[in-house]
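Asks: Structure in structure tokens, see below.
In my numbering, the protein residues as written are 3 to 124.
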């Protein structure tokens, strides 16, 4: 005896459309979230580089003779950090104390602003 079955394996078109709709509801916000997260990671990366460059230049400046620590115009970093620039602003508080501020820019936008005080070691 031969028996035939009318049931077919697989999904109907309506089941497929419902599944795609449900996935779309969840995936579209996730794509926006991932895009925003990627931008935030890139900004944090720029900021980390800028902080380290600022610390390096501040350390170099602090090691200079007290009288040679002066304000500067905008100066480019070299090598792989060409996109970054820095500027020193030095204010003499009194005979023995100076306030040293460094600003680091990336693509003409200020990224970091660090301040320290140095003293004249007599």
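Built from N, CA and C at the ideal position, the CB exists for glycine as well. Since we're looking at a predicted model, the values are computed, not measured.
Rounded to whole angstroms, what is the Cα-Cα separation between residue 111 and residue 14?
Replies: Taking the chain shown and counting its residues from 1, the one referred to as residue 111 is at position 109. Taking the chain shown and counting its residues from 1, the one referred to as residue 14 is at position 12. Distance between the alpha carbons of residue 111 and residue 14 is about 55 Å.
Asks: Can you look up residue 65 in the DSSP assignment and give me helix, strand or coil?
Replies: Numbered from its first residue, the chain shown carries residue 65 at position 63. Residue state, collapsed to three classes: coil.
Asks: Quick check on residue 50: does DSSP put it in helix, strand or coil?
Replies: Taking the chain shown and counting its residues from 1, the one referred to as residue 50 is at position 48. It is helical.
Asks: Would you say residue 126 and residue 118 are within 7 Å of each other, going by their C-beta atoms?
Replies: The chain is shown from 3 up to 124; residue 126 falls before or after that span and cannot be answered.
Asks: Could you check whether the Cβ of residue 99 sits closer than 6 Å to any heavy atom belonging to the ligand ATP?
Replies: As presented, the structure is devoid of all ligands, the ligand ATP included, so that no description of it is given.
Asks: Looking at residue 87 and residue 80, is the spacing between their C-beta atoms short of 7 Å?
Replies: Residue numbering aside, residue 80 sits at position 78 when the chain shown is read from its first letter. Residue numbering aside, residue 87 sits at position 85 when the chain shown is read from its first letter. No.
Asks: In terms of residues, what are the limits of the beta strand (DSSP E) holding residue 116?
Replies: The residue given as residue 116 occupies position 114 in the chain shown. From DSSP, the beta strand (DSSP E) with residue 116 extends over 111-121.
Asks: Beta-carbon within less than 8 Å of residue 72's beta-carbon, same chain only, minus the 5 sequence neighbours each way: which residues are those?
Replies: Taking the first residue of the chain shown as position 1, residue 72 is located at position 70. Same-chain partners within the cutoff: 90 and 92.
Asks: Residue 56: buried (16+ other C-beta within 10 angstroms of its C-beta) or exposed?
Replies: Within the chain shown, the letter at position 54 stands for residue 56. It counts as buried.
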